[in-house]
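Protein sequences appear in the order of chains G and A. Each position in the first sequence, counted from 1, maps to that position plus 276 in our numbering. Each position in the second sequence, counted from 1, maps to that position plus 276 in our numbering. For each residue, glycine too, the CB sits at the ideal point set by N, CA and C.
Protein chains: 2
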Amino acid sequence: MNSKDKKQPAGLGKDNQSPIGIFDSGIGGLTVVKRLAATLPNENIVYFGDTARVPYGSKSNSTVVEYSVQNTKLLLSKYVKAIIVACNTASSIAIPTLKKEFNIPIIGMIEPGAKMALQKTRNKKIGVIGTRATTGNLAYSSEIKRIDDTANVIEKPCPLFVPLAEEGWTDHNATHEIAEEYLKELRRDGIDTLVLGCTHYPILTNVIQKIIGKNVNLIDSGVASAELIKEELQKLDLLTNSNTTGLQEFYVSDIQVKFKEVAELFLGKEIEHVHKVDLEELSLE
Amino acid sequence: MNSKDKKQPAGLGKDNQSPIGIFDSGIGGLTVVKRLAATLPNENIVYFGDTARVPYGSKSNSTVVEYSVQNTKLLLSKYVKAIIVACNTASSIAIPTLKKEFNIPIIGMIEPGAKMALQKTRNKKIGVIGTRATTGNLAYSSEIKRIDDTANVIEKPCPLFVPLAEEGWTDHNATHEIAEEYLKELRRDGIDTLVLGCTHYPILTNVIQKIIGKNVNLIDSGVASAELIKEELQKLDLLTNSNTTGLQEFYVSDIQVKFKEVAELFLGKEIEHVHKVDLEELSLE
């Protein structure tokens, strides 16, 4: 079976030993790999980070859909049995197209994060933090209100959190000052639940929890999506029956300076088996 | 004369009333527009910011050259008489190709910044701060040492300065803390001259000067390139003889949330005459 064989229907050739695929616009999705491996430790995982074309947040909707379809095809060529779209931008834009075009369980960040936030909140005051692109689209607000229109959602962009996470400044004074600046309004508004609407943000959980208050539930969409994919695979009888720790394989479209250091911070362990994918190969998939 | 007419040799159809063109991967280059307008207030200026494809620092050399050629063609279709490449990445990679392909004065950031640093330094200990991509390439070091191999150059990436500048946090406590963290080594090393190797950094001049010490010369490559383009146009007798304030026109490939606010912070005044260029149109230029 050839990865270039476009007639291969997605969904065929897969069994419960097949890996779960995850793609992201960059390396942020490695925090989702970490959550998925914690929830389903025996599953094999294939990750693709589109590091050459990051960020997706500044690109047009049609470009984000096109890239997401390419990324999905790349993962399918690795025989994945399900896909998690770890990029919040791609999740909010491309999921309907992906579900229509590919016959495989596909889960984004928005729906699981929104559902978990509604399960946890008591006062129905929910905060959402993310990049300017994600919060500007109000993707979480729309999804939360679609499920429960009595919920009160406040979104707040926190653009400095991504570079702070990439610098690894998880406990720097500056990080505390910046978190205070970004989160003070949400604290004043009395939210009891806060969605981390960007895959980088779990790296800063300690600071965020400290500033927003220890009684506020933090929602990690990576945890939520791992729970949901577990349910879906269970229903389809596609969970692995292996008892050994799953293998992980990583593909990226570019390897930047400091890639390994940042990737390992996000993944929470040493990163091995990293392959570079040519952009040209990607657009021909 | 048609902008699509590829046989039109660059350099023809231009006179001393023609505008000066500036392109950048995004909006950072607006700080260069500000400097250029201060140096040559009567010149008309056309700016192109490739905001849909920013950042260039994470892209391959061939892609950066390809985009730079496209951006140059776009500016030539506006009949510019000279071009400033305000993007440090494009400056360090694409200038030789641009100079070869286009018969018009073309000036980047690296050469003027390096020359001015060498003019100002007394102890020949020069610091360079920039994005991880720029400092990783050691573009300024190479150029400074090419001119004077006895100079001692220390480069330091300051990734948080770009989002801090875009947030407009020019005097926030967090900015001081971050500048302290980034600049303490350079201060300890006893540099007497510091190159701001990223077009965003002039926004943070006050904090940077305070932390690095008031006796250290800050080199703004935008100022240096404006001086150099003035000299070149003088030689070619292409400076305007107008006595009225020059007109400014702005083109971008995408208009983001908060674009106007950030653009005005960088430009130092209200931004008008902003046009959106289609990426497709750009690649066909």
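Which residue wins for smallest C-alpha separation from residue i, given the options the options?
| i | options | result |
| --- | --- | --- |
| R463/G | G305/G, F299/G, L312/G and G403/G | G403/G |
| A362/A | V533/A, E548/A and Y477/A | Y477/A |
| I296/G | F542/G, S529/G and I505/G | I505/G |
| S368/G | S518/G, S497/G, E503/G and A539/G | S497/G |
| L414/G | V538/G, N318/G, V550/G and G473/G | G473/G |
| N292/G | D513/G, R311/G and I531/G | D513/G |
| R311/A | V356/A, K545/A and T373/A | K545/A |
| T407/A | K400/A, S518/A, Y416/A and L316/A | Y416/A |
| E541/A | S353/A, W445/A, K396/A and E419/A | Checking the sequence, you will find Leu at residue 541/A rather than Glu. Nearest of S353/A, W445/A, K396/A and E419/A to L541/A, Cα basis: W445/A. |
| V550/A | E319/A, S344/A and D326/A | D326/A |
| T521/A | L306/A, D300/A, V309/A and N320/A | N320/A |
| S336/A | N347/A, T365/A and A358/A | T365/A |
| T397/A | V471/A, V538/A and E453/A | V471/A |
| A539/G | F299/G, S294/G and I303/G | I303/G |
| I423/G | M392/G, T411/G and T348/G | M392/G |
| T411/G | K421/A, N517/A, V533/A and L523/A | V533/A |
| E443/A | F535/A, K349/A and T469/A | F535/A |
| T373/G | I405/G, L394/G and S338/G | S338/G |
| D425/G | L394/G, K376/G, V483/G and H448/G | L394/G |
Give the residues of chain G in contact with residue i, contact being defined as C-beta atoms less than 7 Å apart.
| i | result |
| --- | --- |
| L418/A | For the sequence presented, residue 418/A should be read as Ser rather than Leu. Within 7 Å Cβ-Cβ: nothing; S418/A doesn't reach chain G, min ~16 Å. |
| N449/A | E453 |
What in chain A is Cβ-close to residue i, meaning under 8 Å?
| i | result |
| --- | --- |
| R464/G | By Cβ distance, chain A contributes nothing, its closest Cβ being about 19 Å from R464/G, past 8 Å. |
| A539/G | What A539/G touches in chain A: nothing, since even the nearest Cβ is about 15 Å away. |
Check whether chain A comes within 7 Å of residue i, counting only Cβ atoms and requiring the distance to be less than that.
| i | result |
| --- | --- |
| P439/G | yes |
| G287/G | The predicted model places G287/G with a pLDDT of 48, which falls under 50 and marks its position as unreliable, so this point remains unresolved. |
| L436/G | yes |
| K280/G | Per-residue confidence for K280/G stands at a pLDDT of 41, beneath the threshold of 50, marking its modelled position as unreliable; no derived number is given. |
Counting contacts by CB-CB distance shorter than 7 Å, is residue i in contact with chain G?
| i | result |
| --- | --- |
| V492/A | no |
| V528/A | no |
| E557/A | no |
| G412/A | yes |
| M277/A | Model confidence at M277/A stands at a pLDDT of 38, short of 50, so the residue's coordinates are unreliable and nothing is read from them. |
| Q284/A | Note that Q284/A scores a pLDDT of 42, beneath 50, so its modelled location is shaky and nothing firm can be said. |
Less than 7 Å between the C-beta atoms of residue i and residue j, yes or no?
| i | j | result |
| --- | --- | --- |
| P331/A | S501/A | no |
| T451/G | L459/G | no |
| A390/G | G333/G | no |
| K341/A | Y323/A | The sequence as given places Val at residue 341/A; Lys does not occur at that position. No, they are not a contact pair. |
| I454/G | L480/G | no |
| V553/G | Y527/G | yes |
| I380/A | I360/A | no |
| I371/A | E419/A | no |
| I273/A | K401/A | A question about residue 273/A goes unanswered here, because the residues of chain A that appear run from 277 up to 561. |
| I488/G | E456/G | no |
| F299/A | N347/A | yes |
| S294/A | K357/A | yes |
| T307/A | T475/A | yes |
| L523/A | L515/A | no |
| D465/G | I495/G | no |
| A313/G | S529/G | no |
Cβ closer than 8 Å: which chain G residues qualify as neighbours of residue i?
| i | result |
| --- | --- |
| R408/A | Q532, V533 and K534 |
| S334/A | T327, A328, V330, D530 and Q532 |
| E443/A | P435 and L436 |
For the ligand FMN, I want to know if residue i counts as a neighbour, meaning its beta carbon is within less than 6 Å of at least one of the ligand's heavy atoms.
| i | result |
| --- | --- |
| Y355/G | As for the ligand FMN, it is missing from this structure, which has no ligand bound. |
Practice item. Mind listing, in chain order, the continuous alpha helix (DSSP H) runs of no fewer than 4 residues lying wholly within the segment 403-468 of chain G? Key: For the segment 403-468 of chain G, whole alpha helix (DSSP H) runs of length 4 or above, ordered along the chain, are 408-413, 415-423, 437-443 and 449-464.
message = Restricting to runs no shorter than 3 residues, where is the beta strand (DSSP E) found entirely within the segment 510-555 of chain G?
response = Every beta strand (DSSP E) stretch that sits fully inside the segment 510-555 of chain G and reaches 3 residues is listed by chain position as 524-528 and 550-552.
Ordered list of alpha helix (DSSP H) runs contained in the segment 331-363 of chain G, each at least 4 residues:
Qualifying alpha helix (DSSP H) stretches, in chain order: 337-352.
Exercise for the section: Only counting runs of 4 or more residues, tell me where the alpha helix (DSSP H) segments fall wholly within the segment 467-513 of chain G, in order along the chain. Expected result: You should have 481-488 and 497-511.
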